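To start, the structure under review is shown below, and the notes come after it.
2 protein chains.
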Amino acid sequence: MSRWEPNARGRLEQAALELYSERGYEQTTVAEIAKRAGLTERTFFRYFPDKREVLFAGAGTLQELFVDTVTEAPVAAAPIDAVAAALDAAAAQFQGRFDRVRRRQAVIAANAELQERELIKFASLSTALSDTLRRRGVGEPAASLTAEAGIAVFKIAFERWVEQSGDQDFAHLIRESLAELKAVATGA
Amino acid sequence: MSRWEPNARGRLEQAALELYSERGYEQTTVAEIAKRAGLTERTFFRYFPDKREVLFAGAGTLQELFVDTVTEAPVAAAPIDAVAAALDAAAAQFQGRFDRVRRRQAVIAANAELQERELIKFASLSTALSDTLRRRGVGEPAASLTAEAGIAVFKIAFERWVEQSGDQDFAHLIRESLAELKAVATGA
DNA sequence: CCTTTGATGTCAGTGACTGACATCGGTCCG
DNA sequence: CGGACCGATGTCAGTCACTGACATCAAAGG
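Top to bottom, those sequences are chains A and B. Residue numbering for the first sequence follows the working numbering, beginning at 1 and increasing consecutively. Residue numbering for the second sequence follows the working numbering, beginning at 1 and increasing consecutively.
As structure tokens, then:
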């Protein structure tokens, strides 16, 4: 028998999401999160660098998925299409977890600090995407612009997906937004 | 004779930029900023809601400029061209202040928290732009996508402008980036 | 059996930020 | 003129996010 309950990190994430949902992000102290997870405040900060990051554990995985998908796209694929493939792959990841994603998003939508953190995660995604495109031979500023445009499409499709009741396909919303971007960019 | 030195807000902004430049954002305490401005910490927080915001005083003005320029664009102008006009107007605002802008940007580039704040300012700009476009009759998701794409162009042109020695025209970099976005979006 | 290791706890800080209240030139009104 | 009021600032005490230093102790390994 081990000395401690297993999965401390997961318990902290769970407790944080619950408390942020119940009483709001600002009204929750780290000590309370730790207590609900059966740990101390100090231990919380051993797993997460700050109070916000506990909501963004999945960001690293998502970024890897983006990078891998772009890397593995056909050499002949245009940059924007390689990025589109990555967005589709990401959509598939989210598809099954609608309820949890939505709860998390409601917490973020209610607090500006959390929105800042979300934005920097998107920015990091964009940078990673841009780097990957450059490794495929895309120049600047094309790589950065393609990455930013792709993330914009993702953000807007994601918003729309979360807002509605869950019947619309995320991947479909992404394709729609991408088509709209192409139309809009050419001055339609 | 008035009871206090005038322009407390301006003195705080100046002191903050100096100190953030000299020893870095994290190594500077709000008490130090206030002291250099001849005020107390408490007064700092009466002018700025937090330690970061003191660097972003101009954001409101910039947003007004964006919104006004888009509002006044010819009715016949395509959404992306109305946004392009706003970017040009913004470029003109920055053009003369290269040194100060660059110093500020160096501070922001050195600290993740400040980057988060900058990102949420850009996001706010994007939302304002999107709202303005919708008021011009542009639908969704076209309005949001046009706004996001426009901000992406601005961000990337801005980066390039700040990185180089100041001889390249900001407005020119914006036009270049916008052209590149159009090319990239269509799958070039 | 003893040593080492790793996850956790304890404790004492620092600094951002807030609420409540005090201060005191300037201004305005009677 | 004089007192009431106002608004920018100061003072003070408190909360909470976050950090560094050190202690604890079951488990793993020799």
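In this text, a Cβ means the ideal position worked out from N, Cα and C, and glycines have one as well. As the structure is a computational prediction, the values presented were derived from the model and not from experiment.
1) Considering only residues of the same chain and omitting the five flanking positions on each side of residue 41/A, which have a CB-CB separation below 7 angstroms?
2) Figure out for me which residue from 53/B, 79/B, 58/B, 24/B has the closest Cα to the Cα of residue 180/A.
3) Between which two residues does the alpha helix (DSSP H) carrying residue 96/A extend?
4) Name the two residues that bound the continuous alpha helix (DSSP H) containing residue 115/B.
5) Against residue 59/B, what residues of chain A qualify as contacts under a CB-to-CB distance less than 9 angstroms, listed in chain order?
6) Are there 16 or more other CB atoms within 10 angstroms of the CB of residue 6/A, so buried, or fewer, so exposed?
7) Against residue 117/B, what residues of chain A qualify as contacts under a CB-to-CB distance less than 7 angstroms, listed in chain order?
8) What separation, rounded to the nearest whole angstrom, lies between the Cα atoms of residue 76/B and residue 149/B?
9) Using three-state DSSP, classify residue 5/B as helix, strand or coil.
10) Where residue 44/A and residue 116/A are concerned, what is the direct C-alpha to C-alpha distance, given to the nearest angstrom?
11) Answer yes or no: do residue 195/B and residue 114/B have a C-beta to C-beta separation smaller than 7 angstroms?
12) Can you list, in chain order, the residues of its chain with a C-beta nearer than 6 angstroms to that of residue 9/B? Leave out the 5 residues immediately preceding and following it.
13) Are there 16 or more other CB atoms within 10 angstroms of the CB of residue 71/B, so buried, or fewer, so exposed?
14) Residues in the segment 81-101 of chain A with C-beta within 9 angstroms of chain B's C-beta atoms, listed in sequence order?
15) Does DSSP classify residue 158/B as helix, strand or coil?
16) Taking only heavy atoms of the ligand MG into account, decide whether any of them is closer than 6 angstroms to the Cβ of residue 100/A.
17) Under 8 angstroms Cβ-Cβ, which residues of chain A neighbour residue 145/B?
18) Just verifying my parser: in three-state terms, what is the DSSP assignment at residue 39/B?
19) Between residue 94/A and the rest of its own chain, which residues show a CB-CB distance below 7 angstroms, the 5 nearest in sequence each way excluded?
20) Beta-carbon within less than 6 angstroms of residue 147/A's beta-carbon, same chain only, minus the 5 sequence neighbours each way: which residues are those?
21) For the alpha helix (DSSP H) that residue 182/A lies in, which residues bound it at each end?
22) Which same chain residues, not among the five before or five after residue 89/B, have their C-beta less than 7 angstroms away from its C-beta?
23) Any beta carbon from chain A within less than 7 angstroms of residue 148/B's own beta carbon?
24) So, is the C-beta of residue 109/A closer than 7 angstroms to a C-beta in chain B?
Inspection of the coordinates gives the following:
1) Numbered from its first residue, the first sequence carries residue 41/A at position 41. The residues are 30, 31, 34.
2) In the first sequence, the residue the question calls residue 180/A occupies position 180. When each option's Cα is compared against that of residue 180/A, the closest is 79/B.
3) In the first sequence, residue 96/A corresponds to position 96, counting from 1. Careful: residue 96/A lies outside any alpha helix (DSSP H) and carries neither H nor E.
4) As a working note, residue 115/B is residue 115 in the second sequence. Start and end: 112-135.
5) For this step, residue 59/B is matched to residue 59 along the second sequence. Ordered by position in chain A, no residue passes the 9 angstroms Cβ test against residue 59/B, which lies about 14 angstroms from the chain.
6) Taking the first residue of the first sequence as position 1, residue 6/A is located at position 6. With fewer than 16 other Cβ atoms within 10 Å, it is exposed.
7) Your numbering for residue 117/B matches position 117 in the second sequence. Correct list: 116.
8) Taking the second sequence and counting its residues from 1, the one referred to as residue 76/B is at position 76. Taking the second sequence and counting its residues from 1, the one referred to as residue 149/B is at position 149. The alpha-carbon atoms of residue 76/B and residue 149/B are separated by roughly 20 angstroms.
9) Here residue 5/B refers to the residue found at position 5 when the second sequence is read from its first residue. Of the three classes helix, strand and coil, the one that applies to residue 5/B here is coil, per DSSP.
10) If you number the first sequence from 1, residue 44/A lands on position 44. If you number the first sequence from 1, residue 116/A lands on position 116. About 21 angstroms.
11) Chain B is shown from 1 up to 188; residue 195/B falls before or after that span and cannot be answered.
12) Position 9 of the second sequence holds residue 9/B. So the list reads 47, once near-sequence residues are dropped.
13) The residue you call residue 71/B lines up with position 71 of the second sequence. The residue in question, residue 71/B, is exposed, as its Cβ has fewer than 16 Cβ neighbours within 10 Å.
14) 81
15) For the purposes of this step, residue 158/B is taken as residue 158 along the second sequence, with counting starting at 1. Residue state, collapsed to three classes: helix.
16) The ligand MG is not among the ligands present in this structure, which contains no ligands whatsoever.
17) In the second sequence, counting from the first residue as 1, residue 145/B sits at position 145. Per Cβ cutoff of 8 angstroms: 152, 153, 156, 177, 180, 181, 184.
18) If you number the second sequence from 1, residue 39/B lands on position 39. If DSSP states are grouped into helix, strand and coil, residue 39/B belongs with coil.
19) The count along the first sequence starts at 1 and reaches residue 94/A at position 94. Once the five neighbours on either side are set aside, the close Cβ partners of residue 94/A are 101, 170.
20) Indexing the first sequence from 1 puts residue 147/A at position 147. The answer, listed in chain order, is 126, 129, 130.
21) Translated into positions along the first sequence, residue 182/A becomes position 182. It spans 170-185 - the alpha helix (DSSP H) in which residue 182/A sits, taken as one unbroken run.
22) One-based indexing of the second sequence puts residue 89/B at position 89. Excluding residues within five positions, the ones whose Cβ falls inside 7 angstroms are 65, 69.
23) The residue labelled residue 148/B in the question sits at position 148 within the second sequence. Judged by the 7 angstroms Cβ criterion, residue 148/B is in contact with chain A.
24) Locating residue 109/A in the first sequence gives position 109, where the first residue counts as 1. Chain B contact via Cβ: absent.
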